[in-house]
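Numbering (the working numbering), first residue to last: 8 to 116.
In this text, a Cβ means the ideal position worked out from N, Cα and C, and glycines have one as well.
Remember, predicted model here, so these are calculated numbers, not experimental data.
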């Protein structure tokens, strides 16, 4: 379940550690609202929505090369329990990618 997902995420991030590492990692925690009407608002142009509270989509960490802080952020994440609003999480990831280094390869996982 959730703890295994976090365990995998930390193992994945650990692979980017090292004295010559030059990776930047961002973290988005997402789920989705429990009600259909809120789901429609979150998936559309719902004015006045709080993405974290209403849509359960949270930017945990903007791009950072601090692997230790990244590991701590992963460990501190709490399962958001809800539906899966992947489309909005991917939109947030695409927005975050614009903040990345222009000369780097970018991957969303």
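For residue j and residue i, the rounded distance between their alpha carbons
{"i": "residue 22", "j": "residue 9", "result": "20 Å"}
{"i": "residue 75", "j": "residue 86", "result": "21 Å"}
{"i": "residue 42", "j": "residue 54", "result": "17 Å"}
{"i": "residue 30", "j": "residue 70", "result": "9 Å"}
{"i": "residue 68", "j": "residue 35", "result": "7 Å"}
{"i": "residue 49", "j": "residue 115", "result": "21 Å"}
Residue nearest to residue i in terms of C-alpha spacing, selected from the options
{"i": "residue 25", "options": "116, 65, 72 and 55", "result": "72"}
{"i": "residue 89", "options": "61, 51, 82 and 83", "result": "61"}
{"i": "residue 16", "options": "79, 94, 100 and 102", "result": "79"}
{"i": "residue 130", "options": "83, 97 and 69", "result": "Absent from the model: residue 130. The displayed extent of the chain is 8 to 116, so no value can be given."}
Minimum Cβ-Cβ distance from residue i to chain B less than 9 Å
{"i": "residue 75", "result": "The structure shown contains no chain B; it holds only a single protein chain."}
Neighbour-count burial assignment, residue i, 16 or more Cβ in a 10 Å radius
{"i": "residue 64", "result": "buried"}
{"i": "residue 32", "result": "buried"}
For residue i: DSSP bridge partner residues
{"i": "residue 66", "result": "35"}
{"i": "residue 71", "result": "32"}
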